[in-house]
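Accompanying notes for the structure given below.
Numbering (UniProt numbering), first residue to last: 1 to 282.
Following this line, the structure appears as structure tokens:
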């Protein structure tokens, strides 16, 4: 479908694509769940009611109830905060660490570059979830350890991107001129090198957030992340798998929430990547 342009004298707007508009709406809903879970859910995610256990979706319980009579809708809404914050924290750590490693590889000389990049190659040869699982197994369970493990597993991809961008910028005329003028290397990096890598790094981080969210939920599904009775999408999926035949809603709704969150950030990340590539082309 073509994107329609609205033209007014002196101004021009483009209507957003349906997928982008839908992703923006979903993002607002996710943010509302993270910031105001009590107002959105209207019920406690941990209050049990054995009399109403395993009740299907209804007007009283939109997403039904689980095996302890807890409101599934409230648990899905309240689960957005820990699920998304773990993914966001892991992505932020990975982006920051990847930027440092990438800069060190590009500017530290051949030996440093070879050591860091060969290490990155080895780590990237392993699935991120498997690597994160190994780290959590060694470090111990818990949301913080899950966040750090997912971040470490994602660092090599960001490091390679920053190194590639830095290698391109390092040979440009203005960087060489700044070096000839005697500016400290740290100043050159902050003023000229790092700003050129920020755009691609943020775009990759947006897409990588979806991967981090899936990996963190996968570890929670295995019982290594958030512990009961705390609501978290991966943990809720793990609880609901035992009731798929009799109470499908316990697993389906947190799974749907996780899927929508990942699709939302991927759509927005893809849109940001297209915008960045368009500006680069111009």
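Note that beta-carbon positions come from the ideal geometry of N, C-alpha and C, so glycine has one too.
Reduced DSSP secondary structure (H/G/I, E/B, other) of residue 245: In the three-state reduction of the DSSP assignment, residue 245 falls in the coil class, being assigned neither a helical nor a strand state.
Tell me whether residue 215 is buried or exposed, calling it buried when 16 or more other Cβ atoms sit within 10 Å of its Cβ. Buried, because 16 or more other Cβ atoms sit within 10 Å of the Cβ of residue 215.
May I have the straight-line CA-CA distance separating residue 34 from residue 114, to the nearest angstrom? Going by the C-alpha atoms only, they are around 42 Å apart.
Do residue 225 and residue 119 have their CB atoms nearer than 8 Å? Taking 8 Å as the Cβ cut-off, residue 225 and residue 119 do not qualify as a contacting pair.
Between 160, 71 and 137, which has its C-alpha nearest residue 44's C-alpha? If we check each option's Cα against that of residue 44, 71 comes out closest.
For a quick check, are the C-beta atoms of residue 103 and residue 189 less than 8 Å apart? The answer is yes: Cβ separation under 8 Å.
Near residue 220, what residues of its chain come up, given a Cβ to Cβ distance below 6 Å and the 5 sequence neighbours on each side ignored? Answer for residue 220: 226, 232, 234 and 235, listed in chain order.
DSSP beta-bridge partners of residue 65: DSSP lists 71 as partners of residue 65.
What do you reckon, are the CB atoms on residue 31 and residue 261 nearer than 8 Å? No, Cβ-Cβ distance for residue 31 and residue 261 is not below 8 Å.
For residue 156, is the classification buried or exposed, using 16 other Cβ atoms within 10 angstroms of its Cβ as the cut-off for buried? Looking at its Cβ environment, which holds 16 or more other Cβ atoms inside 10 Å, residue 156 is buried.
Nearest-angstrom Cα separation, counted from residue 27 out to residue 228: If you draw a straight line from the Cα of residue 228 to the Cα of residue 27, it is about 27 Å long.
Residue 13 in three-state terms, based on DSSP: Unreliable placement is indicated for residue 13, whose pLDDT of 48 sits below 50; the coordinate value is still reported in the next sentence. Residue 13 falls in the strand class under three-state DSSP.
Would you identify the three-state DSSP class for residue 44, choosing helix, strand or coil? DSSP, reduced to helix, strand and coil, places residue 44 outside both helices and strands of the structure shown, so it counts as coil.
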